[in-house]
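Read in order, the letters of the sequence shown correspond to residues 1 to 323 in my numbering.
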Amino acid sequence: MLESKMQNQKIPLAIDCDPGIDDAWALLLAAAMPEFDVRLLSPVAGNVDYVYTSENLRRLAAWYGLPGKLGRGASQALEISRIDAGDIHGKGGMAGFDLPPTERPFEQAWSWDLLYEEACRAEAEGGLLVLAIGPLTNLALALEKYPDLAAKLRGLVLMGGSAGPGNHGPYAEFNIACDPHAAQLVFESELNLAMVSLDVTHAAALQREEMQALCAIDTPYSPLLKAIASFMPEQAVLHDALAAAYLVNPELISWEEVEIRCECEDDVHLGQTVFSFSGRRFERFTFPPLCERTSRPLHLLSRSVNREAYVGELERRLNALKK
Ligand code: BDR
Ligand code: CA
């Protein structure tokens, strides 16, 4: 009885992000996911400076009608200086697009304190799921401050790391490179996590015609999507959108159980994700509610993507937002 009631419940969700054009896509998908109840939105410095990522998040949340508290996040990494991807996302991070202004306020509280609060609140509902699509600084600070947090979270889906080459130098993926020490804290924790890695987001790249077809779906957000598309004229790699789409469609990604660590010592390889592969593959995976959780931390690495199903999911979700 309890189980069938839980199956119909929305899954509580917290999103940690650094908008960013592909974050803007991911957040738009989140606004079209009735399966989830967005409880917390946390900005972090990443693609561009915190002043921009936080303001972009505030404006996107208001425009998209995304519920949830707006936390105050980290403006710098735990130990290293800021790196930036403003050249890829445009000055200000939104491909030069002016998001509608809003009065929606930030909470006074820090994101890491709100995350703990929301995790405690969601325990009786199967646990809070976290989608992290930026550097992992906020989450690391939360895990350090609240040692029992990992046991309270349903799981973490993160976009980051790579089982192939990096996109910030030859070895490191950008989100992890921004704050390798935070990533390592997350990997060392008891948290169950699924990593949507760069090699797989690249395999899901959208061709120009596919992007054009998606932008032609007439939603209030088409002007933003068109601005983003014109920023990526050939192929569009919407890394964060794949992680968000997987939340509602577990058929999109297949996984392998691994152990993950992040290189934090060697300067040349700083931020590289390193894996011990188990050979145990899962064609499909979703995080079970807390009451069914296995005791040890589970690390899953994305191994392949069903591209057609992914494009279909983007289409379906945008159609649901039609004017
Ligand atoms: C990741 O880095 C950022 O530039 C994107 O928003 C994405 O989260 C891809 O490496
Ligand atoms: Ca991002």
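C-beta atoms are modelled at their ideal positions from N, C-alpha and C, and glycine is treated no differently.
All values derive from a computational prediction rather than experimental measurement.
Rounded separation between MET195 and LYS323 - CA only: It is roughly 34 Å from the alpha-carbon of MET195 to the alpha-carbon of LYS323.
Where ASN47 and ILE228 are concerned, what is the direct C-alpha to C-alpha distance, given to the nearest angstrom? Computed Cα separation, rounded: 15 Å.
GLN108 classed as buried or exposed, judged by whether at least 16 other C-beta atoms fall within 10 angstroms: That one is exposed.
Any heavy atom of ligand 4 closer than 7 Å to the beta-carbon of ALA85? In the structure on display, ligand 4 does not appear, and the ligands it does have are ligand 1 and ligand 2.
How many Å lie between GLU259 and ILE217 at the Cα? It is roughly 41 Å from the alpha-carbon of GLU259 to the alpha-carbon of ILE217.
Within the segment 35–80, ranges of the beta strand (DSSP E) (whole runs, at least 3 residues): Assignment of beta strand (DSSP E) within the segment 35–80, counting only whole runs of 3 or more residues, yields 36–43 in chain order.
Consult DSSP for GLN235 and reduce its assignment to one of helix, strand or coil. The DSSP-derived three-state label of GLN235 is strand.
Anticipated Cβ contact below 8 Å, SER330 with ARG280, distance rounded: Given that the chain is displayed from residue 1 to residue 323, the structure contains no residue 330 and the question cannot be resolved.
Touching by the beta-carbon criterion (3+ pairs, under 8 Å), the segment 99–108 and the segment 130–145: Between the segment 99–108 and the segment 130–145, the count of Cβ pairs shorter than 8 Å is below three; the stretches do not touch.
Rounded separation between VAL237 and ASN306 - CA only: Straight-line Cα distance between these residues: approximately 15 Å.
Suppose you measure from the CA of HIS181 to the CA of ALA172; what does that come to, to the nearest Å? Those two C-alpha atoms are separated by around 13 Å.
For ligand 1, is there any heavy atom lying closer than 7 Å to the beta carbon of PHE231? No, the Cβ of PHE231 stays beyond 7 Å of every heavy atom of ligand 1.
Could you say if the segment 303–319 and the segment 25–36 meet the contact criterion of at least three C-beta pairs nearer than 8 Å? These segments touch.
If I'm right that LEU252 touches ALA309 with Cβ under 8 Å, what's the distance once you round it to whole angstroms? Right, their Cβ atoms sit about 5 Å apart.
Inter-stretch contact (C-beta, 8 Å, three-pair minimum) for the segment 85–97 and the segment 9–20: With the cut-off at 8 Å, the segment 85–97 and the segment 9–20 touch.
Does the distance between the C-beta of ASP179 and the nearest non-hydrogen atom of ligand 2 fall short of 7 Å? Checking the Cβ of ASP179 against ligand 2 gives no.
Could you tell me whether any non-hydrogen atom of ligand 1 is closer than 7 Å to the CB of MET159? Yes - ligand 1 has a heavy atom lying nearer than 7 Å to the Cβ of MET159.
For CYS264, does the three-state DSSP call read helix, strand or coil? Here CYS264 sits in coil by DSSP.
Would you identify the three-state DSSP class for ASP16, choosing helix, strand or coil? In the three-state reduction of the DSSP assignment, ASP16 falls in the strand class, which pools E and B.
Considering only residues of the segment 164–207, which uninterrupted alpha helix (DSSP H) runs meet the minimum length of 4 residues and lie entirely inside it, listed in chain order? At a cut-off of 4 residues, the continuous stretches assigned as alpha helix (DSSP H) that sit fully inside the segment 164–207 are 174–178, 180–188 and 198–203.
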